[in-house]
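Chains as they are written, first to last, in the working numbering: chain A, 1006 to 1128; chain B, 524 to 666; chain C, 5 to 94. The beta-carbon is built from N, C-alpha and C at its ideal position, and this holds for glycine as well. These numbers were taken from a predicted model, which means no experiment stands behind them. Report on the following structure.
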Amino acid sequence: MTDIALKLFDNMYYLVSMVLFIIGFHTMLTHSNLIKKVIGMNVMDTAVFLFFVSTGYVAGGVAPIIEPGVEQTYINPLPTALILTGIVVAVSVTAFALALIVKLYHHYGTIDAEEIMRIRSTE
Amino acid sequence: MEDIIIRMISRISVPFIMVFGFYIILHGHLTPGGSFSGGAVLGSSMILFALAFDLEEGHKKLSHKTSTLIETGGASWFVLLGLVGIYAGTGFLANKTGGFPMGVPGELVSGGMIALITLGLGLKVASTVITLFYNLIEGDSHD
Amino acid sequence: MRLILTLIFLTLISVVMVVTVIEMPTFGNPDNPTNNEVPQKYIEDAVEDTGALNVISSIIMDYRAFDTLGEATVLFVAIAAALSCLKAHS
């Protein structure tokens, strides 16, 4: 039992990213306000990025900016380079979702998901 | 908004934020940073200016036509730099085998194609952030 | 009713995730499976091939510049879609 707790304490970055993912997922499922669902999606994206980038750490390594002439161990640069593209895609999806919410508000007069489903079922 | 403290502070600090954003973009191949973070800082400085003063003044500083030109110009600049490699005989988006000048590693003028692409993408990201802000804050009027 | 179903589902997912975290390799170990010879080649040959001191910049703009072109396209298409959605008059 204590070695499980010790292993969880060693992999603390992965555990925190899982906790953030569960928090974002719960926010997205429970609240009925559309903007809160978008915020939950953003928190889930941040959790996935944290998990991916922290797989590339090497103990005792520094940031991969090469100084000519000094021998050092650098961290793994590949996960960071892949996640840069992912962050931009997450920002684009959030921007488009917020634009759609503005148009929904102009059309239905409310941003509550249950209200919108009720209005649509009686049209 | 019409608060005199915000106007005074942002009048002093907006040029420094812009210079910092340009520093992050231009030194993308020497220090941490690059095009995306530098473009976000540059776009945020224009948003601070448009929030502290009137939105009309923000439109006068950076009109709709200018931001559209910068955004499409950034994407076309990337594709044009890639076509230089085809013109030289090797594949698309070639750096050293495509004929770009390399220089000494560690100087500001080095790396061939990397510095030019960083500049184009940084301006494109800044224009994206500014255009999105202007269109989300007033939907139907003013165009 | 919906709240109880949500809580059961989230508890199941969190149990699976915590078991995965226990089974993963140790954080920061140099013998991880992700530190094979591919990042070593990128770190060793970055300064000679590209001339940039920042290894991540030389990865996303020289070795894998095609992915950055795809990402610029995604930015452009997202802004075009958001603008055409907001400025459409009925």
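In the same chain as A:Tyr1110, and ignoring 5 residues on each side of it, the C-beta atoms closer than 7 Å to its own belong to Ile1116, in chain order. Between A:Tyr1113 and A:Ile1106 the beta-carbon gap is near 11 Å, outside 8 Å, which marks them as no contact. Within the same chain, no residue comes within 6 Å of B:Ser567 by CB-CB distance, once the 5 residues on both sides are set aside. Here A:Pro1084 really is in contact with A:Thr1060; their C-beta atoms are around 6 Å apart, less than 8 Å. Between the region 529-541 of chain B and the region 557-575 of chain B, the count of Cβ pairs shorter than 8 Å is three or higher; the stretches touch. Restricted to the region 1083-1108 of chain A, not a single beta strand (DSSP E) segment is unbroken, complete and at least 3 residues in length.
The count of Cβ pairs closer than 8 Å, one atom from the region 1089-1097 of chain A and one from the region 1046-1065 of chain A, reaches three, so the stretches are in contact. In this structure, DSSP gives A:Asp1117 an extended state, which the three-state scheme calls strand. DSSP, read as helix, strand or coil, puts A:Ile1080 in coil. At least one beta carbon of chain B lies nearer than 7 Å to the beta carbon of C:Gly55.
Taking 7 Å as the Cβ-Cβ cut-off, the region 524-553 of chain B approaches chain C at Gly551, His552 and Leu553, given in chain order.
Around A:Ile1070, the beta-carbon contacts reaching into chain B at under 9 Å are Leu553, Thr554 and Pro555. For A:Thr1078, same chain residues with a beta-carbon under 8 Å away, outside a window of 5 residues either side, are Val1063, Gly1065, Gly1066 and Val1067 in chain order. Any Cβ of chain C closer than 7 Å to the Cβ of B:Ser590 would place that residue at the interface, and such an atom is absent. With contact defined as three or more Cβ pairs closer than 8 Å, the region 49-58 of chain C and the region 626-639 of chain B are in contact. With a beta-carbon spacing of about 6 Å, B:Ala563 and B:Val652 fall inside the 8 Å limit used to define contacts. A:Phe1057 and A:Val1024 have their C-alpha atoms some 15 Å from each other.
The C-alpha of B:Ser590 lies about 47 Å from the C-alpha of C:Asn33. CA-CA distance, C:Asp71 to A:Ile1044, rounds to 27 Å. In chain order, Gly1029, Ala1095 and Thr1099 place their CB closer than 8 Å to the CB of A:Asn1047, counting only its own chain and leaving out the 5 sequence neighbours on each side. At least one CB of chain B lies nearer than 7 Å to the CB of A:Ala1100. Residue-level contact by beta carbon fails for A:Ala1010 and chain C, as no gap is shorter than 7 Å.
Annotation: the continuous alpha helix (DSSP H) that includes B:Gly562 extends over Ser558 to Ala575. Rounded to whole angstroms, A:Glu1120 and A:Thr1090 show a C-alpha spacing of 36 Å.
Considering only beta carbons, the part of the region 1023-1043 of chain A lying closer than 8 Å to chain C consists of Met1023, Phe1026, Ile1027, Phe1030, His1031, Leu1034 and Thr1035, in chain order.
Per DSSP, the beta bridge partners of A:Asn1038 are A:Asp1117.
With fewer than 16 other CB atoms across the displayed protein chains lying within 10 angstroms of its CB, C:Pro29 is exposed. Within a 10 Å sphere around the beta-carbon of B:Asn658 sit 16 or more other beta-carbons, which makes this residue buried. B:Pro555 carries a coil assignment under DSSP once its states are collapsed to helix, strand and coil. Using beta-carbon distances, C:Thr15 does not count as an interface residue toward chain A, since no partner is under 7 Å. Counting along the chain, the unbroken alpha helix (DSSP H) around C:Val59 starts and ends at Val59 to Ser62. Per the DSSP secondary-structure output, A:Val1067 pairs in a beta bridge with A:Tyr1079. Under the Cβ distance rule, A:Asn1047 does not count among the residues neighbouring chain C, no pair being separated by less than 7 Å.
Judged by their CB atoms, B:Ile637 and C:Ser61 are nearer to each other than the 7 Å cut-off. Listed in chain order, the alpha helix (DSSP H) runs fully inside the region 581-641 of chain B are 587-611, counting runs of at least 4 residues.
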